[in-house]
Amino acid sequence: MFLINVVLLISTFSLFKMSDYQKFPVHKSIVITNFLQYPSPRLIAGDIHRIADLECVIAVDKRDDSSVETLIHLNESNKIKRVRARYSVGMFNETAEELKSWEGEKEANTDEFLFLKPWTVPQPDKSFTFKFGFHVSAVLGIDNIWMFNFYDALFNVENDSKMIVFKEKNNQKVRLYTHKKLMMFHSSKLSIYRNNLHNENGFIIPACVSMNMLEKCLQIAHGVQVHCSVEDLKKINQIAKLLGLKNVIKYYERQRIENLNQVKVTDQVFHSMFMRDRRHLLVRNVLMS
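Residue numbers -21 to -1, 1 to 268, in mature numbering (1 follows the signal peptide of the UniProt record, and there is no 0), belong to the letters of the sequence shown in order.
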């Protein structure tokens, strides 16, 4: 099932060329003027994209009066160890002609560079434009489990028909993005609930539902083996029933059986140890008498 989910997501990303900067969920175009007046070394253009406590710095670093470095740096994080991301970076002259571009998909550890390339500025006395597109598809947590990044849109348009957007009722800036086709594949109720939970901008999640638990539910729906407490599993199961996510409900049932079996084994071990201790105590009393 996990393979099916990955194939569906990959097919989504292949719908557009990487050089289509504006089709990335995170994208920007920055005109750099008066290049020679900037001191060096110095970051002269860029942006910061945040995921949890991770800052992704996408920037142009002036090295001297004729060269720069284009970079994507992953700052230090207490929650994320490694990142998988797609990027497209380009330089353009005053007439919008592409001078240089780089694109790719790779992994990198936090507190390291995901991308770093030098570039010689052909005409330092003239302005040029720095463009980039960026998307983090997955992150590796400190528990060494890869998880999908649902905090960024899959596409650049928030209400794209290929996405489902979940929004917190009391703070609609808090949202999670998932692939519509994949969710409909696993859900028996999402299409029915559209009239009750869905508006033109996404699904509004009731205030009683934790967005943290919803994210874990969506991770499980996508095939991720999430480590959860028994109490969290119960909450996730309730969300799965609300959304009709059959595979998450089955996951909960399997985990519940495993937990019950573990409790049964633990009880048996405790009983065995208790009886053994009683026998030792009996033998000791006999010897002392």
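Ideal Cβ positions, reconstructed from N, Cα and C, are used throughout, including at glycine. None of the values given here were measured: they were computed from a predicted structure.
Inspect the beta-carbon positions of residue i and residue j and report whether they are closer than 8 Å.
i, j, result
"Gly25", "Val10", "no"
"Asn54", "Leu78", "no"
"Lys41", "Glu73", "no"
"Phe111", "Val68", "yes"
"Ile121", "Phe94", "no"
"Phe129", "Glu86", "no"
"Gly83", "Ser167", "no"
"Ile184", "Phe145", "yes"
"Val227", "Asp131", "no"
"residue 272", "Ile199", "What is shown of the chain runs -21 to 268, which leaves residue 272 out entirely."
For residue i, which residues of its own chain have a beta-carbon under 8 Å away from its beta-carbon, when the five flanking residues on both sides are left out?
i, result
"residue 271", "Look at the range of the chain in this structure, -21 to 268, and you will see that residue 271 is not part of it."
"Tyr17", "Ile23, Lys41"
"Glu48", "Val39, Asp40, Arg42, Leu95, Lys96, Pro97, Trp98"
Short of 6 Å in beta carbon distance, which residues of its chain neighbour residue i, apart from the five on each side in sequence? Order them along the chain.
i, result
"Asn88", "Arg61"
"Trp81", "Val68, Lys96"
"Tyr230", "Ile199"
"Met190", "Glu147, Val153"
"Arg65", "Glu84, His114"
Distance check for residue j and residue i, CA to CA, integer angstroms please.
i, j, result
"Glu76", "Ala117", "33 Å"
"Lys214", "Leu22", "46 Å"
"Asn238", "Asp211", "13 Å"
"Thr108", "Arg235", "56 Å"
"Ile(-18)", "Met70", "Bear in mind that the predicted position of Ile(-18) carries a pLDDT of just 41, short of 50, making it unreliable; the figure below should be weighed with that in mind. Using only the alpha carbons, I get a separation of about 37 Å."
"Leu221", "Cys196", "11 Å"
"Ser(-11)", "Leu133", "Confidence at Ser(-11) is low in this model, with a pLDDT of 45, below 50, so its placement is unreliable and the value that follows should be read with caution. Approximately 12 Å between the Cα atoms of the pair."
"Arg263", "Val209", "Unreliable positioning characterises Arg263 in this predicted model, as indicated by a pLDDT of 46, which lies under 50. The coordinate reading is nonetheless provided below. Going by the C-alpha atoms only, they are around 41 Å apart."
"Pro20", "Asp90", "20 Å"
"Val39", "Asp(-2)", "20 Å"
"His206", "Ile124", "9 Å"
"Gln204", "Phe113", "27 Å"
"Ser56", "Ile30", "10 Å"
"Ser8", "Phe92", "21 Å"
"Lys141", "Phe3", "14 Å"
"Asn216", "Met192", "10 Å"
"Gln151", "His28", "19 Å"
"residue 274", "Arg63", "The question about residue 274 has no answer here: the residues shown for the chain are numbered -21 through 268."
Spatial neighbours of residue i within its chain, please: C-beta separation below 7 Å, excluding the five flanking residues on both sides.
i, result
"Asn149", "Ala186"
"Lys225", "His165, Ser167"
"Phe14", "Val100, Pro103"
"Val188", "Ile218"
"Thr12", "Ser106"
Just checking: is the beta-carbon of residue i within a distance shorter than 8 Å of some beta-carbon in chain C?
i, result
"Met163", "Protein chain content of the structure displayed is limited to a single chain, and chain C is not contained in it."
* Asked: At what residue ranges does the segment 134 to 218 contain a whole run of the alpha helix (DSSP H), taking only runs of 4 or more?
  -> Counting whole runs of 4 or more residues, the segment 134 to 218 contains the alpha helix (DSSP H) stretches 159 to 165, 169 to 176, 190 to 200.
* **Complete beta strand (DSSP E) runs within the segment 5 to 60 (minimum length 3 residues, chain order)** => As far as the segment 5 to 60 is concerned, its whole beta strand (DSSP E) runs of at least 3 residues are 5 to 11, 21 to 30, 33 to 43, 46 to 53.
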